[in-house]
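Structure, as structure tokens:
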Amino acid sequence: MSDVTFHNALKKDQLDEDEAIQVIIEGKEVAIINLGGEFFAMDDICSHAYASMADGYLEGECLECPLHGAQFNVKTGKAETPPATVDLETYEIKIEGDDIFVGLPNV
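Following this note's numbering, the numbering of the sequence shown begins with 28 at its first residue and continues without gaps.
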């Protein structure tokens, strides 16, 4: 049995290049990011303050929280700048045709 289950999250054409969108999968808020045509997924809620990362701004490989400006690497989830010090969880992405699937851990 796999450690993750892949969930159909959205179609590729629903997310413009260099943008992020929030999706809710099994009650979990996930940000999906289109970084130069490559897709990434991570927790949508900033670890510093309750804000949607999908409402933030892409700065290179980092997504900046819209509330206090903390930046998280979209590939690793690492908190790159203060005030955040706790990394965000990242999730595996799988593309099948035009569909984007996000792999969430089985609980």
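Ideal placement from N, C-alpha and C gives every residue a C-beta, glycine not left out. Here the structure is a predicted model, which is why all the values come from computation and not from measurement.
Using DSSP with H/G/I as helix, E/B as strand and the rest coil, what is D47? Residue identity differs from the one stated: residue 47 is Ala in this sequence, not Asp. Strand, per DSSP.
Rounded to whole angstroms, how far is the Cβ of I59 from the Cβ of I127, which I believe are closer than 8 Å? 6 Å
Does the region 33-40 come into contact with the region 84-95, if we say contact requires no fewer than three beta-carbon pairs (one atom in each stretch) closer than 8 Å? no
Is DSSP giving D30 helix, strand or coil here? coil
With burial defined as no fewer than 16 other Cβ atoms inside 10 Å of the residue's Cβ, what is the status of V101: buried or exposed? buried
Output yes or no for whether 8 Å exceeds the beta carbon distance between C89 and A111. no
Once you ignore the five residues that flank A106 on each side, which residues in its own chain have a CB closer than 7 Å to its CB? S74, A97, F99, T112, V113 and D114
Compute the distance between the beta-carbons of G130 and T32, then report whether it is under 8 Å. yes
Nearest-angstrom beta carbon gap, A68 and I120 [assumed within contact, 8 Å]: 5 Å
With a CB to CB cut of under 8 Å and the five nearest residues on each side skipped, what residues in its chain are close to I52? H34, A36, V129 and L131
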